[in-house]
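Enquirer:
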Amino acid sequence: MATVHKENILFVDDEESILDVASEYFSIKGYQVYTARNGAEALSVLEKEQIDCCFTDINMPVMDGLELAENINKRDNTIPVVIMTGYPSLENTIQTMKNGVVDFLIKPIHLEQLELCLKRVLNQQHLYVENLLLKKEIEGKARIESLNLELLQKIEDLQTLNHIMNDFSSIASSAEVFNRLVQMANEITRANDSVFYIINEAITVPFAVAAASADAGGAVLSPIDLSHISGRIPDSMIMDVASNLTPLLVSESNLLHGFSDTIESVMIAPLTIRKKIFGILSTINLKGQNRFTEKNLYYLSFMTHHAAYAIENLALYENIYQNLFSTIYAFVKAIGAKDSYTEQHSNRVTAVAKILAQKMKCSAEELDILNTAGLLHDIGKIGIRDEILLKPGKLTDEEYDIIKTHSIIGANIVGQLGLWEREQQIIRCHHERYDGTGYPDGLKGTAIPFLARILSVADVYDALASDRTYRKKMEEAQILEIIQRGKGSFFDPDVVDTFMNVYPTGEIHKAVQCHASSNPYSA
Ligand SMILES: [Fe+2]
Numbered sequence: 037m038a039t040v041h042k043e044n045i046l047f048v049d050d051e052e053s054i055l056d057v058a059s060e061y062f063s064i065k066g067y068q069v070y071t072a073r074n075g076a077e078a079l080s081v082l083e084k085e086q087i088d089c090c091f092t093d094i095n096m097p098v099m100d101g102l103e104l105a106e107n108i109n110k111r112d113n114t115i116p117v118v119i120m121t122g123y124p125s126l127e128n129t130i131q132t133m134k135n136g137v138v139d140f141l142i143k144p145i146h147l148e149q150l151e152l153c154l155k156r157v158l159n160q161q162h163l164y165v166e167n168l169l170l171k172k173e174i175e176g177k178a179r180i181e182s183l184n185l186e187l188l189q190k191i192e193d194l195q196t197l198n199h200i201m202n203d204f205s206s207i208a209s210s211a212e213v214f215n216r217l218v219q220m221a222n223e224i225t226r227a228n229d230s231v232f233y234i235i236n237e238a239i240t241v242p243f244a245v246a247a248a249s250a251d252a253g254g255a256v257l258s259p260i261d262l263s264h265i266s267g268r269i270p271d272s273m274i275m276d277v278a279s280n281l282t283p284l285l286v287s288e289s290n291l292l293h294g295f296s297d298t299i300e301s302v303m304i305a306p307l308t309i310r311k312k313i314f315g316i317l318s319t320i321n322l323k324g325q326n327r328f329t330e331k332n333l334y335y336l337s338f339m340t341h342h343a344a345y346a347i348e349n350l351a352l353y354e355n356i357y358q359n360l361f362s363t364i365y366a367f368v369k370a371i372g373a374k375d376s377y378t379e380q381h382s383n384r385v386t387a388v389a390k391i392l393a394q395k396m397k398c399s400a401e402e403l404d405i406l407n408t409a410g411l412l413h414d415i416g417k418i419g420i421r422d423e424i425l426l427k428p429g430k431l432t433d434e435e436y437d438i439i440k441t442h443s444i445i446g447a448n449i450v451g452q453l454g455l456w457e458r459e460q461q462i463i464r465c466h467h468e469r470y471d472g473t474g475y476p477d478g479l480k481g482t483a484i485p486f487l488a489r490i491l492s493v494a495d496v497y498d499a500l501a502s503d504r505t506y507r508k509k510m511e512e513a514q515i516l517e518i519i520q521r522g523k524g525s526f527f528d529p530d531v532v533d534t535f536m537n538v539y540p541t542g543e544i545h546k547a548v549q550c551h552a553s554s555n556p557y558s559a
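Numbering (the numbering used here), first residue to last: 37 to 559.
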């Protein structure tokens, strides 16, 4: 009994006798046999039947064997095609190989030879199909794995972005934003150090106000430690990012020219409010640590955007006055980091000015204004270069002119917030003199805001009563004499009279002691 094969074989030849013989022989062997007299007929069989192997002659009318092989290869390259020819030529052989022909038989062909060839070809075809399926399965698995990884990465990204958004949305005061920003930058980009600098229209030299370092376990650094790491990135690079408002990633060693040799990679992202630069967030990694990637830079920019929203929202919707004050007070603290005298001096001047204002029957609102203006009156010193601000000896005329700009810079910083017009005026005018010889506008007498006239006396008193690097504090009698002499020229006569009346009570002395180094707003 014949073995039952499932395979369907197609024989294509224009010689009927060959078709008959092959058909009979393979039918007996249990194959399903189909025949065609040329390529075109064969194709119509292929349309209807699932053929497992095709034997074809080359020279046939209508469509020859080579064209047929080419067509089969295009339709389904898993169907093996065997060429049977009486006159093989090199050209034909090459062409058939190109068309995916798997074997070649030379006529006359013995049926046993044909059967052996069929078995071999079918075997190869099974292996080929199996291999294809396996390959597809492996590819499928790899694709699923990579999709899975992609998905996990996306989830992680989303979680990071969410974390950034949530973290900023939960900040209660704008003073916290800078600290949170540097801590988060360190944590998310795995930076060694992160620093936030203030830089804007008023403060034109980058001024570091917050920093976090992996060396300190990611904690926010004290002002002193902050000053140690804030100079690692050249000011010029920070200023470039501040002016073109485009985040910057530097990893190539040739681009790190001018940096300390210990630095591997740097990122700098601008923080803008209403499209204007407000500050710069920077991170660095040291040699031997990771280089930052584009994704790190994306996260850094995302942070500065959300910090900007947070600052704006806090400023606009929540406790406007206090929050703006604390943001600005962070600047005073920042001045304190490089010039502790200015911070303490501001506290004492405010305390003295408030005593004088009370004696002169100022309203509660005016006392409030004086409080803010007093604490911030020298805030413009942020914008003065260290070598001038902290110069121990006498200043040159040019240097003194630069120092004098601090009252305008300070007024601009406060003015930028769009609030506190009166405070702004006081800050601008705290170095005006009653006789019109002061700066910056040379205002005279009552043209100088009243509260600025009070602040001016308190300012000069504290300056004379403090130890400075270039001179010791003056004796009380000498201070009182200077203030008395300044009545009507330097100072408003009424304010001087008030000062002279209240001084003997010891109230001023006590207030100065009390406020030697505290923040009146912290209580
Ligand atoms: Fe001043």
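Glycine residues also receive a C-beta, built at the ideal position from the N, C-alpha and C atoms.
These figures come from a predicted structure and were not determined experimentally.
At a cut-off of 7 Å, would you count residue 437 as near ligand 1, judging by its Cβ distance to the nearest heavy atom?
Expert: Not so, every heavy atom of ligand 1 lies at least 7 Å from the Cβ.
Enquirer: Spell out a yes or no on whether the region 498 to 508 and the region 521 to 537 are touching, meaning 3 or more CB-CB pairs, one atom from each, closer than 8 Å.
Expert: Using a Cβ-Cβ distance cut-off of 8 Å, the region 498 to 508 and the region 521 to 537 are not in contact, since fewer than three pairs of beta carbons, one from each stretch, lie closer than that value.
Enquirer: Judging by CA-CA distance, which residue of 325, 469, 121 is the nearest neighbour of residue 225?
Expert: The option with the nearest alpha carbon to residue 225 is 325.
Enquirer: Where do the N-terminal and C-terminal ends of the alpha helix (DSSP H) with residue 271 fall, by residue?
Expert: 271 to 280
Enquirer: Can you name the start and end residues of the alpha helix (DSSP H) that residue 410 belongs to?
Expert: 400 to 412
Enquirer: Output needed for residue 447: all residues of its chain with C-beta closer than 8 Å, excluding positions within five of it in sequence on either side, in chain order.
Expert: 416, 460, 461, 463, 464
Enquirer: Just the Cα atoms here: how many angstroms apart are residue 377 and residue 188?
Expert: 53 Å
Enquirer: Are residue 299 and residue 268 touching if we call contact CB-CB under 8 Å?
Expert: yes
Enquirer: Considering only heavy atoms of ligand 1 and the C-beta of each residue, which residues fall inside 7 Å, strictly closer?
Expert: 413, 414, 442, 443, 466, 467, 495
Enquirer: One question on the structure: do residue 235 and residue 313 come within less than 8 Å of each other, judged by their Cβ atoms?
Expert: yes
Enquirer: By the three-class DSSP mapping on this structure, what secondary structure does residue 553 have?
Expert: Annotation note: pLDDT 46 at residue 553 (below 50); position unreliable, coordinate value reported separately. Looking at residue 553 - three-state DSSP - the assignment turns out to be coil, as it is neither helix nor strand.
Enquirer: Under DSSP, the alpha helix (DSSP H) around residue 33 begins and ends at which residues?
Expert: A query on residue 33 cannot be resolved here, the shown segment of the chain reaching from 37 to 559 and no further.
Enquirer: Do the region 278 to 288 and the region 247 to 257 make contact, defined as three or more Cβ pairs closer than 8 Å?
Expert: no
Enquirer: Taking all protein chains shown into account, do 16 or more other C-beta atoms lie within 10 angstroms of the C-beta of residue 301, making it buried, or fewer, making it exposed?
Expert: buried
Enquirer: Nearest CA to the CA of residue 257: which residue from 297, 270, 216?
Expert: 216
Enquirer: So, for residue 346: in the same chain, excluding its five sequence neighbours on each side, which residues have a beta-carbon less than 8 Å away from its beta-carbon?
Expert: 204, 205, 207, 210, 213
Enquirer: Output needed for residue 438: all residues of its chain with C-beta closer than 7 Å, excluding positions within five of it in sequence on either side, in chain order.
Expert: Excluding residues within five positions, the ones whose Cβ falls inside 7 Å are 420, 424.
Enquirer: Who are the near neighbours of residue 68 in its chain, counting only those whose CB is closer than 6 Å to its CB and skipping five residues on each side?
Expert: 44
Enquirer: Who are the Cβ neighbours of residue 52 in its own chain at under 6 Å, not counting the five residues just before and after it?
Expert: none
Enquirer: Just the Cα atoms here: how many angstroms apart are residue 339 and residue 406?
Expert: 36 Å
Enquirer: Smallest Cα separation from residue 34: which of 475, 512, 337?
Expert: This structure cannot settle anything about residue 34, because the visible part of the chain is limited to 37 through 559.
Enquirer: Do residue 114 and residue 161 have their C-beta atoms within less than 8 Å of each other?
Expert: yes
Enquirer: Output needed for residue 229: all residues of its chain with C-beta closer than 6 Å, excluding positions within five of it in sequence on either side, in chain order.
Expert: 249, 265, 320
Enquirer: Consult DSSP for residue 472 and reduce its assignment to one of helix, strand or coil.
Expert: In the three-state reduction of the DSSP assignment, residue 472 falls in the coil class.
Enquirer: Which complete alpha helix (DSSP H) runs does the region 413 to 439 hold, if anything under 4 residues is left out?
Expert: 422 to 425
Enquirer: What do you get for residue 316, buried or exposed, if any count of 16 or more other CB atoms within 10 angstroms of its CB means buried?
Expert: buried
Enquirer: Got a sec? Which residues, its chain only, sit under 8 Å from residue 393 by beta carbon, not counting five neighbours each side?
Expert: Cβ neighbours of residue 393 beyond the five flanking positions: 402, 403, 406, 487, 490.
Enquirer: Distance check for residue 116 and residue 165, CA to CA, integer angstroms please.
Expert: 11 Å
Enquirer: How far does the alpha helix (DSSP H) with residue 165 in it extend, from its first residue to its last?
Expert: 147 to 205
Enquirer: If you compare alpha carbons, which of 442, 504, 194 is closest to residue 475?
Expert: 442
Enquirer: According to DSSP, is residue 321 helix, strand or coil?
Expert: Looking at residue 321 - three-state DSSP - the assignment turns out to be strand.
Enquirer: On the CB-based measure, 16 or more other CB atoms within 10 Å of its CB, does residue 98 come out buried or exposed?
Expert: exposed
Enquirer: Let's test the definition: count the other Cβ atoms within 10 Å of the Cβ of residue 550 and tell me whether it reaches 16, buried, or not, exposed.
Expert: exposed
Enquirer: Ordered along the chain, which non-local residues of its own chain (more than five positions away) have a Cβ less than 7 Å from that of residue 493?
Expert: 392, 519, 527, 531, 532, 535
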